[in-house]
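Here is the structure we will look at.
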Amino acid sequence: MDVKNDCNLNTRNSQTKDVIGTSLVVNESSNSPSSFQRCKLISPFCRNNNDMMADNDYVDYTHERIDLDDALEQIFLSVIMIGSRLGAAYYNSATSIIYMIPDVIETQDLLFLHNLLSQVKPCLIVTSSKQKESFIDFLKNKQDHSNEEKFKLEILPSNFFAFESCKRRILAINGLSGLSSSSDDDQRIIYFSSILSFDNTSMVSATGSLLKYLDQSRNGIELEVGVQTPILFLKTVTISNLILIEDHVFSALQIFHKELHPSVYKSGSCAKEGLSLFGIMNRTKSQQGSALLRDWFLQPSNDISLIQNRLKAVAFFFNSRNVEIVVALQDALKNTKNILRILSKMKTTSISLNDWQTLYKTLFNAVCIADICKQLPQDIGVVNKICETFTDKLLHIANLMKQIIDFEESLYVNHFVVKEGVDSQLDEKKRTFDGIPYLMTQVAHKELNRLTESITKCSVTYLPQLGYLLNIPLTDEMKLSRNYEIDENLEFKFATDESVYYKSSGTEELDLKVGDIQCEIRDHETTIMHRLQDVILEHTGTLINVVEVSAELDCILALTSAAKEFNFVCPEIANDEENVTDIKGGRHPLQEMCVNQFVVNDTKISQSEGKMIILTGPNASGKSVYMKQVGIIVYLVHIGSFVPADSALISIKDGIYTRIHSQESVSIPLSTFMIDLNQISVAVNRATQKSLVIIDEFGKGTASFRRELQYPVISATPFFKNYLLV
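Quick note: the sequence shown uses numbering that gives the first Met the number 0, first residue 0, plus one each step.
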């Protein structure tokens, strides 16, 4: 939409001139010689300058707000096994971060790879064509039999994974925080060696191949030709401290439950979390907090230090004396957004006004969170992280944005506006622009006095690219004759249904004196905006840490809120030597929401009490609910949460295995009994002395028409050191 600054003159003999906004109307038929009426006011600042606006058009400053957090997240995973060493790297398109997984010694049944796929849930996997056949078959089997959305498997030539080439690709990455584009080879080696170890040959090969694949394919990334895939940060993560949980365990214990949209047209894309453990405990206030909490639920840890730190933080905020602190922190977290996508856009293009608002609001609330946490005990892990991460750099960036950006005016005109006093040259241009209506009025007076008596009204209009034009209303004679030549000193430009536009000596003088001042102002403000973006990008590492730590705080407060609402208690972590599961007054958090009265149950599994519990009883007596509640309580301990019980003493496990539900699917060409056997086989082969195994009516899916096989098969085996069996 083009912007027009009209100075309309409706009388030839008016002696009094007055400018109202950018328009002047003097009515010739008015009783007063100087009677004025206000015309529509069109802002001289507008984002779009492509279409001409008719005289009776109005500028609508409302604009659609797009939440970047709703953008689709895609995970691209590169994985390779050299010898017995497995290395991997994956790129998150929503955050523009590459996560690298150091080399691990893989088992024959590819346990680490299985766990990695379960935790990361990629949409695409790339690997080398020279991998062992068993490795490729494993990935293809996962692809064919996945109950989740299937990933795409790309088998690339082996030269994609050549170590030296991959190392060079990593060293060639530009735009990372703390790395200058002018850095020489030695400086780059020092910089990247501080982030990753090049001794992890499999990890380096996976990372380099991922970089090459992203640059060549641009899957899910819309960029101009010649622009590299945006990479904000390289981060090393580990999967060594995660307990092993099969996908079907999450379903069996109802950790997650996807509820499809009732409409058949939206059932494939508009799923939401149904009645599940994650659903009732997700009290996060931010999108990044919710995503991190889901990761915690997908990746239960056996790191005692990590678990105890989370429990200590939840216990602190659980205290009734800290209610106001929790409320204040959650209010601030509501207004924090995942700004990583904004930072990614900054590297390749300008960001929108909505992005600037989101960034400023997030930084402002992060500063508020830091101020609150500075008053809290520093021995709380997440509090200490906030005080170390939310430094004065954060306040500096927020203040810089506040001093430069005029958010009120920017909202009104829908583009980036710089405050007065930031740049003297820009201020001078704006003052010149503010004086344009007066100059346009003077030109309109002169031109009207010079024209014939038949012309009673004219105005001066500014159109970007065309400059200043004389606007004369279309007369009946012009409409009939289509002859627009009314004066030899006027150069006809174009006509609309209502007006004819000309170039005159007065408008040409305005072009020379003032020029395209509006575009100059916009260009000047854009230059300042780009410089501000460069300053912000210098602190990318700090801003990434702010997002991650604020998400962690959000998760801790969410676990606290759930613990208060559902009357959870803090569990005790037993020593490894004890290997005990002692639960008093245990409850099933989902089941007790569905019944009026829930009967609590105790559980004791230890060296002295025995490591096997066999439950018998009639149907609907609560056997399955009891087993699931034990599994849920043990599971919650490993994410650092309070548990639904009167008390709990739990030793750290290395895996949770179940045979509760048969995951039947048309994509799995196996009978129900064979699926059950596979689940039992996994438990037999992988369970250790520190595992929890839960089996519910194994064999009930076999030959139900035969009388002698209608009852559950109950058996014992020395492989199971610590399990429940029904």
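Ideal Cβ placement from N, Cα and C applies to all residues, glycine included.
Predicted model, so just to flag it, every value in this text is computed and none were measured.
Is the Cβ-Cβ distance between residue 159 and residue 208 less than 7 angstroms? yes
DSSP on residue 530, reduced to helix/strand/coil? helix
Across which residues does DSSP place residue 600 in a beta bridge pair? 585
Quick check: what's the CA-CA separation for residue 2 versus residue 527? Note that residue 2 scores 39 on pLDDT, short of 50, meaning its location in the model is unreliable; the coordinates nonetheless yield the value given after this. Within the model, the alpha-carbon separation for residue 2 versus residue 527 is close to 23 angstroms.
Within 10 angstroms of its Cβ, does residue 529 collect 16 or more other Cβ (buried), or is it exposed? exposed
Just reading off the alpha helix (DSSP H) that residue 400 is part of, what are its end residues? 391-403
Taking 7 angstroms as the threshold (C-beta atoms), are residue 239 and residue 81 in contact? no
Count the other CB atoms, across all protein chains shown, that sit within 10 Å of the CB of residue 617; report buried if there are 16 or more and exposed otherwise. Looking at its Cβ environment, which holds fewer than 16 other Cβ atoms inside 10 Å, residue 617 is exposed.
Exposure of residue 171, with buried meaning 16 or more beta-carbon neighbours within 10 Å: exposed
Taking Cβ positions, are residue 519 and residue 428 nearer each other than 7 angstroms? yes
In whole angstroms, what is the alpha-carbon distance linking residue 636 and residue 649? 8 angstroms
How is residue 76 classed by DSSP in three states: helix, strand or coil? strand
Give the DSSP-derived three-state secondary structure of residue 567 in the structure shown. Looking at residue 567 - three-state DSSP - the assignment turns out to be coil, as it is neither helix nor strand.
DSSP-derived helix/strand/coil call for residue 572: strand
Evaluate the contact criterion for the region 493-513 versus the region 462-479: three or more CB pairs, one atom per stretch, below 8 angstroms. Touching, yes, given that three or more Cβ pairs across the two stretches are closer than 8 angstroms.
Give a yes or no on whether the C-beta atoms belonging to residue 655 and residue 295 are separated by under 7 angstroms. no
Name the residue from 179, 136, 232 and 436 whose alpha carbon lies nearest to the alpha carbon of residue 194. 232
Evaluate residue 107 with the Cβ neighbour count: other Cβ atoms within 10 Å of its Cβ, from every protein chain shown; 16 or more gives buried, anything less gives exposed. Looking at its Cβ environment, which holds fewer than 16 other Cβ atoms inside 10 Å, residue 107 is exposed.
Could you tell me whether the Cβ of residue 545 comes closer than 7 angstroms to any Cβ of chain D? Given the protein chain composition of this structure (a single chain), no chain D is represented.
Beta carbon of residue 314, beta carbon of residue 569: below 7 angstroms? In this structure, residue 569 lies closer than 7 angstroms to residue 314 by Cβ.
Per DSSP, what kind of secondary structure is residue 613 in: helix, strand or coil? strand
Separation of residue 210 from residue 79, as counted between CA atoms: 14 angstroms
Checking the sheet assignment: what are the DSSP bridge partners for residue 490? 502
Between which two residues does the beta strand (DSSP E) holding residue 658 run? 654-658
Would you give the residue range spanned by the beta strand (DSSP E) that residue 84 belongs to? 84-91
Residue 116 versus 87, 485, 684 and 228, residue with shortest Cα-Cα distance: The residue among 87, 485, 684 and 228 with its C-alpha nearest the C-alpha of residue 116 is 87.
With DSSP run on the structure shown, which of helix, strand or coil describes residue 580? strand
Bridge-paired residues (DSSP) for residue 363: DSSP output for residue 363 lists no bridge partner at all.
Assuming residue 386 and residue 367 form a contact by the criterion Cβ under 8 angstroms, report the distance between their Cβ atoms to the nearest whole angstrom. With a Cβ gap of about 14 angstroms, residue 386 and residue 367 do not count as contacting.
Could you give the C-beta distance for residue 685 and residue 138, rounded to a whole number, given that I count them as a contact under 8 angstroms? About 20 angstroms separates the two Cβ atoms, so there is no contact after all.
With a threshold of 7 angstroms on Cβ separation, who are the neighbours of residue 446 within its own chain once the five nearest residues in sequence on each side are excluded? 457, 469, 503 and 505
Classify residue 680: buried if its beta carbon has 16 or more other beta carbons within 10 angstroms, exposed otherwise. exposed
Whole angstroms is fine: what's the gap from residue 178's alpha carbon to residue 677's? Here the alpha carbon of residue 178 sits roughly 50 angstroms from the alpha carbon of residue 677.
Taking all protein chains shown into account, decide if residue 630 is buried (16 or more other Cβ within 10 angstroms of its Cβ) or exposed. buried
Tell me the residue span of the beta strand (DSSP E) that contains residue 101. 96-104
Helix, strand or coil for residue 692 per DSSP? Strand, per DSSP.
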